[in-house]
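The structure appears right after this line, and notes come after that.
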Amino acid sequence: TAQWLTALIRFRKPVVVGVNGYAIGGGFGLSLVGDTIVAAESAQMMAGFFRLGVIPDIGVMYNLPRLIGLARARSFIFENKTWSGKEAVENGVASAVVPDDRLDEECLKRAHAFADGPVETMGLAKWLMGRTFESSVDDMMAFENLGQSLAFTSQAFQAGLDGLMNKKKPDFPA
């Protein structure tokens, strides 16, 4: 499991995940890989691992505390809570809740918005943010400075600057 899951976590482009119906155990863990999680009104999210006498896996213990903090993650997992889509938004797991019949449309809209943006720059920011909990503030500032140096030399920066200077939507490279 670890190899494909870490590859998905480290994927260098933003990932949009939609949750419709039940996301329990591994399904819940898989949903947490998203950089943006959109929940349908019918969504029900639960860790559920302790019901089987096993520990959370599929990245739950890595991703959930990073999304909502250690105290809330412990409470959710140890108390075997279930969150609706609305509660997932309130607790910082999902970014939006939409009617069930609009979930695919909303996820595609967000995915297209990401794809129309500076995808490589977003990927670099995603990679750097993934180091924030293991790095000192000094290291993070150094990473940001190095990342910004790379970004300033990119085609995406040139497209963004052109858009700003000419008061038009940037045409970022694919």
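When we follow my numbering, the leftmost residue of the sequence shown carries the number 152, and every step to the right adds one. Ideal Cβ placement from N, Cα and C applies to all residues, glycine included. Here the structure is a predicted model, which is why all the values come from computation and not from measurement.
As assigned by DSSP and simplified to three states, the class of residue i
i	result
A191	strand
I209	coil
G204	coil
A174	strand
A262	helix
V240	helix
A245	coil
F179	helix
R161	coil
E285	coil
Cα-Cα separation, residue i to residue j
i	j	result
F323	S226	42 angstroms
R161	K318	34 angstroms
T187	A245	7 angstroms
F179	L315	40 angstroms
R282	L215	15 angstroms
A302	F284	23 angstroms
K232	T157	26 angstroms
D290	G298	12 angstroms
Q309	D208	42 angstroms
A266	E241	27 angstroms
I219	M212	11 angstroms
D251	V170	9 angstroms
W155	A262	21 angstroms
8 angstroms contact criterion, which residue i and residue j should meet: CB distance rounded
i	j	result
P269	G243	P269 to G243, Cβ: 25 angstroms. No contact.
A194	A174	7 angstroms
K277	P165	7 angstroms
S182	V168	5 angstroms
L279	E295	7 angstroms
A198	G236	No, A198 and G236 are not in contact; Cβ-Cβ is about 16 angstroms, not under 8 angstroms.
L254	V189	6 angstroms
W234	M196	5 angstroms
Strand pairing of residue i, partner residues [DSSP]
i	result
T233	M197
G341	No answer is possible for residue 341: the residues shown for the chain start at 152 and end at 325.
Run of the alpha helix (DSSP H) containing residue i, from where it starts to where it stops
i	result
G274	V270 to M280
V184	Run containing V184: none; DSSP gives neither H nor E here.
A293	V288 to F303
D313	Q306 to M316
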